[in-house]
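For reference, the structure is listed below as structure tokens.
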């Protein structure tokens, strides 16, 4: 296998920017037909590098890629003489209208900046040995999302055959992983500590996420318009939603989701703290509660190719979370206005310390079905177990709960062997947006 070390191309651990040296190593590997680019022990400061087909970026033991804290260092990746971007794609870099909901789709906008990028690449990998770290340095960008978010740690677009394994992402200035339009993606043994979303997929097919630890400030596993997704054996802890996810044929298996959050959402920091890259650790002015274990996601920034549904959660535990399930298609949820969810099922679930009712508010044109089998659900305080509207069927089999009240607004079948008390609401309920 062809192997290229970044230090052979001039990368140094003295704090100077190594972007050109790392890119030169990647380009040499690509020109040789593929292989491995190694990052040895030490801290190498860099901005955007573009990963290419058949190239593995391998962080050896104790290696660290440290992102530049200057947001402008991430804006030059489109000037690529090795694999020039199509002129139409580059045009969108300056063609975004303020408030355009499709900004997220445009490859060359500032929002899509990342420390490691790949575009239209095949058979690529980022792997890490013991103590390998990708550090986003909480890069502050006044022109970024919410007026402070900087580049993602890893940004992939239109790639096939992706392996991400073994490293830890810390201080990601935006999402740790921004993965759009990719196929055959495996994320394994990855840790994300702090930052924003842990891993975010949009319009991706055949995705596996396993044996990962996500302790994030924002959503742990997020995205929509995805098909054939498996998330298993992961640890989920956040100050937002464990899963803010939509897709077709999605399975979540043997995951532990728990609050309160180790890391705060960085939006709650003061402006000075954001500028300084201060850690979002527990403090009086930082929110720590985990908002939801499972929140449906389907906003209007992308067309959704298939009817979302066949969403299965099995053999999972949920502890100390505000909401167990949050599906609210009532119209007041900005992130749930695209295609509605058809069905979701929970099997062998243990949920304790749930502070709000489960929300199941479907669409009149696509009533939702929810199934709960062998579920133990403990709520806190005098709250109903669920609020439901526009549902086809709610099935309870082998469910144990301290409060069996299900409050419904529209007609739908509530079935199963578990006694529940169905209360009819006089008017539609609307839950707080998440």
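In our numbering, the protein residues as written are 597 to 1030. Ideal Cβ positions, reconstructed from N, Cα and C, are used throughout, including at glycine.
query = Roughly how far, in whole angstroms, is the beta-carbon of residue 649 from the beta-carbon of residue 630, given that I think they are within contact range, below 8 Å?
reply = 7 Å
query = Nearest-angstrom Cα distance between residue 692 and residue 741?
reply = At residue 692 the pLDDT is 44, less than 50, meaning the model places this residue with poor confidence and gives no usable figure here.
ask   = Is the beta carbon of residue 605 sitting closer than 8 Å to the one on residue 627?
value = no
query = Are residue 652 and residue 670 closer than 8 Å when you measure CB to CB?
reply = no
key: Beta-carbon proximity of residue 654 to residue 639, cut-off 8 Å   = no
query = In its own chain, which residues sit with a C-beta less than 7 Å from the C-beta of residue 694, not counting the 5 before and 5 after it?
reply = The predicted model places residue 694 with a pLDDT of 48, which falls under 50 and marks its position as unreliable; any figure quoted below should be read in that light. Closer than 7 Å at the Cβ level, and outside the excluded window around residue 694, lies no residue.
request  = Could you please give the first and the last residue of the uninterrupted alpha helix (DSSP H) stretch that includes residue 918?
outcome  = Taken as a continuous stretch (DSSP letters only), residue 918 belongs to no alpha helix (DSSP H), being part of the beta strand (DSSP E) at 917-924.
ask   = To which residues of the same chain is residue 682 closer than 7 Å at the C-beta, ignoring the five residues directly before and after it?
value = none
inquiry  = Assuming contact is defined by CB atoms lying nearer than 8 Å, are residue 853 and residue 912 in contact in what I supplied?
reply    = yes
task = Output the residue ranges of the beta strand (DSSP E) runs that lie fully inside the segment 944-1025 and measure 3 residues or longer, sorted by chain position.
result = 954-957, 964-975, 982-985, 987-993, 1001-1004, 1009-1012 and 1017-1020
key: DSSP three-state assignment for residue 685, whether helix, strand or coil   = helix
query = Ordered along the chain, which non-local residues of its own chain (more than five positions away) have a Cβ less than 7 Å from that of residue 690?
reply = Note that residue 690 scores a pLDDT of 48, beneath 50, so its modelled location is shaky and nothing firm can be said.
query = From residue 675 to residue 712, what distance separates their C-alpha atoms?
reply = 15 Å
message = Which of the three DSSP states is assigned to residue 903 in this structure?
response = coil
message = Under 8 Å: do the segment 835-850 and the segment 716-727 share three or more Cβ pairs, one atom per stretch?
response = no
query = Going by C-alpha distance, which of 791, 996 and 607 is nearest residue 1012?
reply = 996
request  = Would you grab the beta carbon distance between residue 884 and residue 856 for me? Rounded to a whole angstrom, and I think it's under 8 Å.
outcome  = 4 Å
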